[in-house]
DNA sequence: AGCACGCCGACT
DNA sequence: GTCGGCGTGCTC
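Numbering (the numbering used here), first residue to last: 1 to 620.
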């Protein structure tokens with residue numbers, strides 16, 4: 001029996017970011033991952049922590065305290081996950097405690113009393129031939145492009161491929177982990193599990209589930225082999241005999257943690273693959289620039305499923321719905337077939353202008369633009385609140401909409417096709433699926449609902465506008481959202497891209513998403529922009545500490561390898577760095593900000609002086 | 001985060 | 001003299 005336990009606290013504080021050794025009282029049973037209560041600090045106040053190591057002796061010179069009690073014998077996490085937390089903390093210039101806080105679920109004592117292991121899958125059950133599962137026998141890490149359109153049963157191909165690969169592992173007595181961007185894709189994967197009769201062998205890890213269900217599955221994952229699936233926090237679920245990790249649509253922004261320390265599923269799972277020595281699949285209809293980079297480096301082996309693709313029609317029309325497109329929509333609807341129209345902007349209009357002087361109308365309090373939301377309210381882009389519209393500076397009262405949005409387009413369709421069901425779906429008000437037959441759906445990118453049998457016509461009405469957005473990843477994001485929309489097509493579907501010409505039009509003809517994203521990737525490579533490099537950002541809470549940080553970096557040994565980029569935010573420092581310098585930069589930023597935070601004259605309770613993001617995709 | 005220690009100004 | 005202000009630093 002070990003005598004000493006090293007304990008860690010799930011706290012973001014850098015002062016507490018280390019292991020503390022405690023004596024294990026005789027007769028106490030615990031293991032790595034157990035939750036314990038220990039006396040801590042000068043007041044010997046009880047504090048709960050996680051056992052991270054069992055050992056015989058301590059390097060600590062002073063006297064050791066004793067563990068007061070074992071709160072839960074059930075391990076909350078595993079040694080491998082603790083190692084993963086350390087590595088992620090290192091890369092994100094964060095603390096282990098902060099990552100650990102993300103890795104530990106909320107505890108529900110009652111759940112611990114009645115957990116029983118999951119049933120075992122009979123290994124005799126035959127498995128269908130799966131290209132993906134076959135490829136995994138040959139390569140450790142795979143990038144997978146599934147068949148674009150579902151071949152049957154309205155279950156997406158990728159979800160069936162994932163479930164089949166997971167089934168094969170389960171038959172070999174191994175677990176798998178599937179990480180999905182959002183609830184929609186969770187539902188798709190569940191459909192595949194149901195289709196293959198695997199539901200009872202699976203464990204769901206999503207934050208929207210009630211806490212006790214989630215905690216129960218968290219504990220079960222460590223004692224039963226299963227198909228584990230969930231959204232991004234599932235990246236840190238401790239799993240028994242994990243052999244396969246699969247990530248769907250790694251370019252989706254839902255995979256990025258929005259609060260400090262801003263980790264993302266792809267980076268965490270790439271590290272987890274190494275820590276746990278598992279197989280890894282990163283899959284999407286349209287590749288992310290990062291995964292193309294990993295294929296280029298031969299870190300991922302590319303695999304593409306064969307399959308039919310819908311017909312494509314491209315118009316270089318400046319209007320979103322030219323006469324010919326409109327006629328095709330009309331024809332489809334009169335045949336009782338479902339139609340999808342993807343519109344980039346939400347609401348009735350993106351902006352409004354004065355009818356007399358043509359000036360854009362601004363918010364009276366902050367001078368930001370005003371748009372019209374789906375309920376028809378005038379809203380300021382900055383203060384987000386509904387704005388009462390005052391008279392224009394020229395005295396004019398009338399306005400006209402600039403760039404009408406999805407609600408206005410849906411309204412036009414309602415007038416053109418009074419006998420057709422017109423549905424709207426957007427991120428704020430998503431429609432997951434519809435069963436109507438002759439339906440016309442107007443959706444914003446990422447909110448396209450499923451329809452039974454698939455859409456027979458899909459109109460990407462804002463193709464030109466989406467690729468022209470002044471953002472670094474505009475093209476990659478646009479193509480990704482087109483691919484996902486088109487994956488909802490029926491087998492005899494037609495896809496219309498409005499407003500495209502030139503090289504992109506040539507590439508989109510064959511729905512060769514990889515060629516488009518790849519070309520964009522090469523362009524960025526030659527410009528030295530992400531993902532060939534990365535952008536780190538540090539937001540300071542005040543000007544004095546912002547200047548101290550900048551001075552500190554300018555005096556550092558890394559100065560010649562860093563590039564300072566201009567930033568719109570006033571206290572935001574943006575740095576461009578090479579992947580190979582990432583670990584060193586993270587260390588530098590962490591030690592520098594820790595030092596400056598300790599000395600800061602401007603810190604306020606509860607507020608961080610510096611917020612570090614080692615991979616900021618929003619910054620330019 | 002807490003909590004003690006410590007080194008300066010105002011007070012019975 | 002000594003009570004208490006909160007800046008600095010440590011917690012196994």
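Note that beta-carbon positions come from the ideal geometry of N, C-alpha and C, so glycine has one too.
For the candidate residues the options, whose alpha-carbon lies nearest to that of residue i?
| i | options | result |
| --- | --- | --- |
| residue 535 | 566, 255 and 390 | 566 |
| residue 578 | 593, 533, 609 and 616 | 533 |
| residue 307 | 28, 151 and 204 | 151 |
| residue 202 | 177, 43, 110 and 215 | 177 |
| residue 371 | 357, 350, 144 and 342 | 350 |
| residue 611 | 263, 58 and 39 | 263 |
| residue 498 | 135, 321, 344 and 136 | 321 |
| residue 79 | 47, 33, 444 and 93 | 33 |
| residue 253 | 180, 416 and 191 | 180 |
| residue 343 | 82, 425 and 590 | 425 |
| residue 542 | 388, 399 and 601 | 601 |
| residue 507 | 47, 238 and 313 | 313 |
| residue 271 | 213, 298 and 235 | 235 |
| residue 608 | 259, 82, 496 and 431 | 259 |
| residue 41 | 61, 65, 195 and 526 | 65 |
| residue 439 | 450, 422 and 144 | 422 |
The beta strand (DSSP E) that contains residue i, what's its start and end?
| i | result |
| --- | --- |
| residue 316 | Segment: none, residue 316 is in no beta strand (DSSP E) and carries neither H nor E. |
| residue 85 | That residue, residue 85, is in no beta strand (DSSP E); its alpha helix (DSSP H) goes 79–91. |
| residue 129 | First-last for residue 129: undefined, no H or E at that position. |
| residue 456 | 455–460 |
| residue 342 | 339–342 |
| residue 472 | Careful: residue 472 lies outside any beta strand (DSSP E) and carries neither H nor E. |
| residue 142 | 141–145 |
| residue 149 | It is not in any beta strand (DSSP E) - residue 149 carries neither H nor E in the DSSP assignment. |
| residue 608 | Element bounds for residue 608: n/a, residue is neither H nor E. |
How many whole angstroms separate the CB atoms of residue i and residue j, which I take to be in contact at a CB cut-off of 8 Å?
| i | j | result |
| --- | --- | --- |
| residue 255 | residue 266 | 6 Å |
| residue 135 | residue 142 | 6 Å |
| residue 468 | residue 446 | Going by Cβ atoms, the distance from residue 468 to residue 446 rounds to 19 Å, so no, they are not a contact pair. |
| residue 473 | residue 291 | Actually they are not in contact, since the Cβ atoms of residue 473 and residue 291 sit about 13 Å apart, beyond 8 Å. |
| residue 563 | residue 575 | 7 Å |
| residue 517 | residue 287 | 5 Å |
| residue 544 | residue 90 | That pair is no contact at about 28 Å. |
| residue 27 | residue 38 | About 17 Å separates the two Cβ atoms, so there is no contact after all. |
| residue 97 | residue 16 | 6 Å |
| residue 112 | residue 219 | 7 Å |
| residue 485 | residue 460 | 7 Å |
By Cβ distance, which residues of its chain are closer than 6 Å to residue i, with the 5 residues on each side in sequence left out?
| i | result |
| --- | --- |
| residue 435 | 452 |
| residue 337 | 456 |
| residue 147 | 157, 305 and 307 |
| residue 162 | 178 and 246 |
| residue 546 | 540 and 571 |
| residue 293 | 531 |
| residue 20 | 7 |
| residue 465 | 344 |
Since residue i sits in a beta bridge, which residues does DSSP pair it with?
| i | result |
| --- | --- |
| residue 21 | 6 |
| residue 36 | 49 and 70 |
| residue 424 | 442 |
| residue 202 | 227 |
| residue 392 | In DSSP, residue 392 forms no bridge with anything. |
| residue 186 | BP columns for residue 186 are empty, so no partner. |
| residue 370 | 380 |
| residue 248 | 283 |
| residue 239 | According to DSSP, residue 239 bridges with nothing at all. |
| residue 176 | 227 and 244 |
| residue 413 | Answer by DSSP bridge pairing: none, since residue 413 is not bridged. |
| residue 401 | 352 |
| residue 489 | 455 |
| residue 301 | 142 |
| residue 497 | 314 and 460 |
| residue 572 | 539 |
| residue 256 | 264 |
Using C-beta distances below 8 Å, list every residue in its chain close to residue i, excluding the 5 sequence neighbours before and after it, in chain order.
| i | result |
| --- | --- |
| residue 2 | 24, 54, 55 and 56 |
| residue 402 | 349, 350, 351, 352, 353 and 360 |
| residue 223 | 115, 117 and 240 |
| residue 119 | 200 and 201 |
| residue 105 | 76, 211, 214, 215 and 218 |
| residue 385 | 379 |
In chain order, what residues of the same chain lie with their CB nearer than 7 Å to the CB of residue i, ignoring the 5 residues before and after it?
| i | result |
| --- | --- |
| residue 73 | 29, 30 and 34 |
| residue 159 | 188, 189, 191 and 192 |
In the DSSP assignment, the alpha helix (DSSP H) including residue i goes from what residue to what residue?
| i | result |
| --- | --- |
| residue 419 | That residue, residue 419, is in no alpha helix (DSSP H); it is neither H nor E in DSSP. |
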